[in-house]
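Numbering (the UniProt record's numbering), first residue to last: 1 to 210. Even glycine gets a Cβ: it sits at the ideal position worked out from N, Cα and C. Here the structure is a predicted model, which means the values were calculated and not measured.
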Amino acid sequence: MKNLKIAIQKSGRLNEKSVQLLKNCGLDFENYKSSLITTVSNFPLEILFLRDDDIPGYVEQGIADLGIVGENVIDETESEVNYLQRLGFGKCTLKLAVQKDSDIKDLRDLNGKSIATSYPVILKKFLDEYRIDADIQMISGSVEIAPGLGLSDAICDIVSTGGTLKNNGLKQFADVRKSEAILIGRPGLEDNEILAELLQRIQSVLMAKE
Ligand code: ATP
Ligand code: ZN
1 MKNLKIAIQK SGRLNEKSVQ LLKNCGLDFE NYKSSLITTV SNFPLEILFL RDDDIPGYVE
61 QGIADLGIVG ENVIDETESE VNYLQRLGFG KCTLKLAVQK DSDIKDLRDL NGKSIATSYP
121 VILKKFLDEY RIDADIQMIS GSVEIAPGLG LSDAICDIVS TGGTLKNNGL KQFADVRKSE
181 AILIGRPGLE DNEILAELLQ RIQSVLMAKE
């Protein structure tokens, strides 16, 4: 049977735990930071190291069969992939936040205001659901500094501990979406023996952790 390919984050918050999960499944591979692809020596699997934003697209197109990525990224890219298994790490929440002294107190106060975010797709859906008409300012990083610089009235950003918000004089006031790392599969992969074996091993590792 043909090797499967799994895409994981090359470096960043999900890299270490993704690698650890695969190693805990008994997979033996060299974790070369410099190469984009590595072969598992004792299981029919190849590992691709990619930017997390690119993972859902690779899996959707079938270039990778599997991927490990945050739900937030899957939603933002609106990818058609199958959710195979929640992995219990990379937990975070996409939250709305404003400056501590802001007069924005609840969701309705966002009408007519501007919100800076790296997640315009998820934010737009959320605002539409609550019938809020706000101006979304897309920025790709350091979203927390936008209100202090006068770029926006609020932000919508990923929070895990809240430390970054606090350090930038911000307070959270609503949750938009919770997220954790998920194993995703390409459409059409359902009846695959290698996947079945890998899933079984992943589930044993997760059970042992509980
Ligand atoms: P890449 O270089 O791969 O594009 P990135 O900078 O976009 O990386 P990271 O900051 O490494 O992404 O975060 C990867 C994922 O980790 C996020 O998409 C999210 O699902 C999860 N995550 C967990 N906690 C946090 C947090 N405090 N801030 C940001 N992301 C978090
Ligand atoms: Zn990214």
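Asked: As assigned by DSSP and simplified to three states, the class of Tyr-32; Found: coil
Asked: Cβ-heavy atom distance, Ser-179 to the ligand ATP, below 7 Å; Found: yes
Asked: Assigned exposure category for Leu-45 - 16 Cβ within 10 Å defines buried; Found: buried
Asked: CA-to-CA distance, Cys-92 to Phe-126, given in whole angstroms; Found: 17 Å
Asked: Terminal residues of the alpha helix (DSSP H) in which Thr-77 lies; Found: 71 to 77
Asked: Pro-147 vs Leu-170 beta-carbon contact at 8 Å; Found: yes
Asked: Environment of the ligand ATP in chain order, Cβ to heavy atom below 6 Å; Found: Gln-9, Gly-12, Arg-13, Leu-14, Arg-51, Asp-52, Asp-53, Gly-70, Asn-72, Val-73, Gly-90, Cys-92, Ile-158, Ser-160 and Ser-179
Asked: Own chain residues within Cβ distance below 6 Å of Asp-103, not counting five before or after; Found: none
Asked: Asn-167 burial status per 10 Å Cβ neighbour count (16 or more: buried); Found: exposed
Asked: Rounded Cβ spacing between Leu-189 and Leu-198 (contact assumed at less than 8 Å); Found: Going by Cβ atoms, the distance from Leu-189 to Leu-198 rounds to 11 Å, so no, they are not a contact pair.
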